[in-house]
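Q: Starting off with a structure, shown below.
Residue numbers (the working numbering): 102 to 789.
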C-alpha cells in the first residue's frame with residue numbers, strides 16, 4: 102500500500118488540471134484503494150466508482166462477475182467530461198423504454214395516440230418503417246411536464262382545451278411545471294383545436310411570444326392525462342441519441358484475442374478515454390501489458406505514453422501497434438491532425454424547455470456523439486510514428502566519483518568514450534547479485550547457460566565488483582569469472598569492457614571470463630577483450646524497481662547475443678539486408694551458436710540511415726508470423742493494392758525490401774527482438 106500511495110502521489114502531480122485517473126481493481130481491494138485515492142486526491146475529487154461486468158470467476162460461494170474502476174480527477178470542477186450514449190437502434194431504444202419508462206406509443210397527430218402492442222414492438226420495422234424523415238406516425242414515449250421544485254409563477258392549475266373539450270390539470274403541491282405558464286384561467290389550446298393555427302396564448306399580443314406551455318401545445322407535443330393529474334409531453338424516438346451511459350456498465354466486457362495474461366477489455370479503456378479526453382490529449386498508461394491503451398488512444402487520435410518493466414510486454418505491445426490498422430476519421434479542418442478535433446455525428450438536445458422556447462437548434466444544445474466520428478470508408482491508416490525508449494543515453498556519473506567536479510567532456514577523448522562507467526551500488530547491486538545467485542543466466546531463447554554458485558567481493562575494484570564461481574549445464578567443472586555490475590541507467594561500451602577486463606587480469610591472472618551485467622550495451626562491445634571472454638548479460642527492467650524482481654525461474658538475466666546479418670546491393674544500387682539469425686556464446690562448448698530466425702525472431706527492424714545515436718525503426722518485419730496470421734491478414738487486406746508489393750512480400754520474411762544506401766558517415770543499424778523479448782542491435786557499413 103505504501104508503494105501504491107507513492108505512485109498515486111506521482112500520478113496526481115503528472116495530471117493536468119483537467120486530467121483524470123482511472124484505476125481498475127477487483128472487489129478484494131477496491132475499498133482499500135478507494136481510501137488511498139481519497140487521501141491523495143481528496144474525497145471531493147472522486148468522480149465515480151464504475152462497476153462493469155467481466156468474466157465470472159469460479160468460487161464455492163457467490164460467483165463474482167464484476168470489476169471496478171475508480172475515477173478521480175485532479176480538480177473535479179475542472180475535469181473534462183464528455184457524455185457517452187449507447188449506440189442503439191430504434192428497436193433497442195423502444196425496448197429500453199418498455200423496461201424503464203412508460204409503454205411506448207405511436208402518434209398519429211392532433212392528439213390521436215395509442216400504445217404500441219407487443220407485436221408491433223417486436224416487429225417495428227414492418228409496422229412503422231424508418232423512412233428517414235419525421236412524417237407521422239411517429240413512435241414516442243411520454244415524459245413528465247413537471248419538476249420537483251415549487252414556484253409561484255409556474256405552479257397551479259391549467260385548463261387544457263382539445264377538440265373534445267376542456268380538462269383541468271395540476272402540477273402537484275410539491276412540484277412546478279417545467280416551462281412557463283400564463284396567468285389567469287384562459288385555456289391552453291391544443292394544436293388541433295386552434296382555428297387555422299392561430300396564436301391563442303394571452304401572453305402573445307403583449308410579448309410577441311406564447312408562454313412555454315402554449316408553445317408546446319402549438320407543436321402538438323402535449324399528451325393529455327386524466328383530469329387533475331399533471332400533463333406530459335411527447336419525446337420521439339428519433340430525438341434520442343441512445344441510452345445515457347452511467348456508472349454501471351452492463352453487457353459483459355471481455356478482452357477478445359488476448360495477447361497478454363492480464364488484459365483489460367478494449368471497450369472499457371475506450372470509454373474511459375472518450376469520457377475524459379479530447380483528440381490530441383495525452384494518455385499515460387504506466388502498466389502497458391499488451392498495449393491495449395496505446396492501441397485505443399492511437400485509434401481515437403490521442404497521444405500516448407505507455408510504460409512497462411517487462412521485455413515481453415514491450416515486445417507484444419510493439420507488435421500489436423505495428424500490425425494494427427485503423428479507420429480514417431474525418432477531422433474538423435479536413436487535415437491529418439486529429440488534434441484539430443474529429444468530425445463526429447451530432448444531435449440536438451430535445452427537452453420540454455428547448456421545444457417551448459425554440460432553442461433546440463442553438464449551438465449550446467448540440468450533442469456531440471464523440472464515439473461516433475465520421476469515417477472515410479475508402480481510407481485507412483496505420484499507427485503513427487512512435488519510439489520505444491528503454492534506457493538513458495547519458496553517461497552515468499556517480500555521486501561518489503572523485504572527478505565529479507571535472508568537466509563532463511572528460512568522458513570523451515577525440516570523440517571516443519573512455520573507460521569510466523557508473524557501477525551499481527547499494528540496493529541496486531544487491532538485487533542484481535540476488536538474481537545472479539538465485540537463478541540461471543539464460544540465452545535469448547531461454548536456455549540455461551550459466552549458474553553463479555558463489556560470489557566473493559573483489560578487493561579495491563573500480564569497475565569489477567565481485568568474483569564468481571559458475572557452473573555450466575552439461576559440463577563438468579566450473580569457471581571463475583569477474584563480475585561488473587553496471588548502474589541502472591548505464592549503457593556499456595567497448596572501452597569500458599576493455600578496461601574492466603584489464604582490471605580483472607591485474608587482480609587475478611587466471612581470470613578468463615568477464616560477466617558484465619547492465620541494462621543496455623552499445624553495438625560495438627566485442628565477445629572478447631584480449632584473452633578474456635566477455636559475457637554480456639542484460640538485466641531485466643524489473644530489477645530496477647523494488648518489489649518487481651521475478652522469481653529465480655524467470656529470465657531476469659539474459660546473455661546478450663549478436664545479430665547475424667549481411668547487406669548487399671541490387672542491380673539498382675539499393676541496399677538489401679538479409680537476416681541470418683543471431684549468434685549467442687555457448688559457455689558449454691566455448692563456441693558461437695546460431696539461432697533459427699524464422700522460429701526465434703519475433704520482430705526485426707532496420708534503421709536505414711543510422712547516425713550512431715538514436716535508433717529509428719524505418720523498416721519493420723515480423724518473421725515469426727506467417728501471412729496467414731489473423732492480424733497480418735487484416736493488415737494486408739485493409740491496404741490491398743495500395744500496399745507496396747515489395748513491402749508486402751517482405752513483411753514476414755528474412756530479407757528486406759530494397760532501400761537507398763545511407764550517405765557517409767551514417768550506416769545501417771539492425772535491431773532484433775526475440776520471442777523472449779530480448780533485444781540486440783548491430784551496425785553494418787553498407788557497400789558503397
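C-beta: ideal position from N, C-alpha, C; glycine also.
According to DSSP, which residues form a beta bridge with residue 615?
A: Residue 615 pairs with 583 and 635.
Q: On the DSSP bridge list, what partners appear for residue 173?
A: Residue 173 is bridged to 122 and 147.
Q: For residue 305, does the three-state DSSP call read helix, strand or coil?
A: Looking at residue 305 - three-state DSSP - the assignment turns out to be helix.
Q: How would you call residue 169, buried or exposed, if buried means at least 16 neighbouring beta carbons within 10 angstroms?
A: With 16 or more other Cβ atoms within 10 Å, it is buried.
Q: Tell me, to the nearest whole angstrom, how far the beta carbon of residue 222 is from that of residue 195; I am working on the premise that it is less than 8 Å.
A: Their Cβ separation, rounded to whole angstroms, is 6 Å, which keeps residue 222 and residue 195 in contact under 8 Å.
Q: Are the stretch 258-273 and the stretch 339-355 touching by the rule of at least three beta carbon pairs closer than 8 Å?
A: Cβ pair count under 8 Å is below three, so no.
Q: Helix or strand or just coil, what does DSSP make of residue 620?
A: In the structure shown, residue 620 sits in coil (DSSP, three-state: anything other than H, G, I, E or B).
Q: Taking only the alpha-carbon atoms, compute the straight-line gap between residue 495 and residue 348 and give it to the nearest angstrom.
A: Confidence is the limiting factor: at residue 495 the pLDDT is only 43, short of 50, which leaves the residue's position unreliable, though a coordinate-based value still follows. Their backbone Cα atoms lie some 46 Å apart in a straight line.
Q: Does the distance from the C-beta atom of residue 333 to that of residue 246 stay below 7 Å?
A: Yes; because the gap between Cβ atoms is below 7 Å, this pair is in contact.
Q: Tell me the residue span of the alpha helix (DSSP H) that contains residue 197.
A: Looking at the DSSP string, the run of the alpha helix (DSSP H) that includes residue 197 is 191-201.
Q: Between the stretch 696-709 and the stretch 675-682, are three or more C-beta pairs nearer than 8 Å?
A: Counting Cβ pairs under 8 Å, three or more are found: they touch.
Q: With C-beta atoms as the reference, is residue 635 less than 7 Å away from residue 661?
A: Contact flag unset, no.
Q: Hey, residue 121 and residue 148 are a contact pair by Cβ (cut 8 Å); roughly how many whole angstroms apart?
A: That pair is a contact at about 7 Å.
Q: Any idea which residues DSSP pairs residue 385 with across the strands?
A: Answer is 406.
Q: Answer yes if the stretch 379-389 comes into contact with the stretch 745-759, meaning at least three C-beta pairs across the two stretches below 8 Å, and no otherwise.
A: Segments in contact, no.
Q: How far does the beta strand (DSSP E) with residue 481 in it reach, from first residue to last?
A: Unbroken beta strand (DSSP E) run through residue 481: 476-483.
Q: Reducing DSSP to helix, strand and coil, say where residue 366 ends up.
A: In this structure, residue 366 counts as coil in the three-state DSSP scheme.
Q: With which residues is residue 667 paired in a DSSP beta bridge?
A: Its beta-bridge partners are 679.
Q: Leaving aside the five residues before and after residue 812 along the sequence, list all residues of the same chain whose C-beta is less than 8 Å from its C-beta, in chain order.
A: A query on residue 812 cannot be resolved here, the shown segment of the chain reaching from 102 to 789 and no further.
Q: Among the candidates 478, 583, 557 and 310, whose CA atom is the shortest distance from the CA of residue 564?
A: The option with the nearest alpha carbon to residue 564 is 583.
Q: Go to residue 319, then tell me how far its beta strand (DSSP E) extends in each direction, as first and last residue.
A: Taken as a continuous stretch (DSSP letters only), residue 319 belongs to no beta strand (DSSP E), being part of the alpha helix (DSSP H) at 313-319.
Q: Over what stretch of residues does the alpha helix (DSSP H) that includes residue 138 continue unbroken?
A: Its alpha helix (DSSP H) spans residues 131-142.
Q: Where does residue 383 land, buried or exposed, given buried means 16+ other C-beta within 10 angstroms?
A: By the 10 Å Cβ count, residue 383 comes out exposed.
Q: Please go through the stretch 531-608 and give each complete beta strand (DSSP E) segment of 3 or more residues, from N-terminal end onward.
A: 549-558, 565-573 and 576-586, all fully within the stretch 531-608.
Q: Just list the residues that DSSP pairs residue 334 with in beta bridges.
A: The partner list for residue 334 (beta bridge, DSSP) reads 244 and 323.
Q: Would residue 599 and residue 630 be called neighbours here (beta carbons separated by less than 7 Å)?
A: In contact: residue 599 and residue 630 (Cβ atoms closer than 7 Å).
Q: Specify the secondary structure class of residue 498 as computed by DSSP and reduced to three states.
A: With a pLDDT of 46 at residue 498, under the threshold of 50, the modelled position of this residue cannot be trusted; read the value that follows with caution. Three-state DSSP puts residue 498 in coil, outside helix and strand.
Q: For the beta strand (DSSP E) that contains residue 770, what are its first and last residues?
A: Where residue 770 is concerned, the enclosing beta strand (DSSP E) stretches over 768-775.
Q: For residue 391, tell me which candidate among 186, 425, 340 and 377 has the shortest Cα-Cα distance.
A: Measuring from the Cα of residue 391, the nearest candidate turns out to be 425.
Q: Quick check: residue 802 and residue 239, are their CB atoms within less than 7 Å of each other?
A: The structure shown does not extend to residue 802, since the chain is modelled only from 102 to 789, so the question has no answer here.
Q: Could you check where the beta strand (DSSP E) with residue 216 kicks off and where it finishes?
A: Where residue 216 is concerned, the enclosing beta strand (DSSP E) stretches over 214-216.
Q: In this structure, how does DSSP classify residue 460 when only helix, strand and coil are distinguished?
A: Three-state DSSP puts residue 460 in coil, outside helix and strand.
Q: Thinking C-beta only, is residue 469 closer than 7 Å to residue 445?
A: Their beta carbons are under 7 Å apart, which means residue 445 touches residue 469 by this criterion.
Q: Would you mind reading off the limits of the beta strand (DSSP E) that contains residue 260?
A: Per DSSP, residue 260 belongs to the beta strand (DSSP E) from 258-263.
Q: In three-state DSSP terms, what is residue 289?
A: DSSP places residue 289 in strand when its eight states are reduced to three.
Q: So, does the stretch 571-591 touch the stretch 530-549, judging by three or more C-beta pairs under 8 Å?
A: Judged by Cβ distances under 8 Å, the stretch 571-591 makes contact with the stretch 530-549, as three or more pairs qualify.
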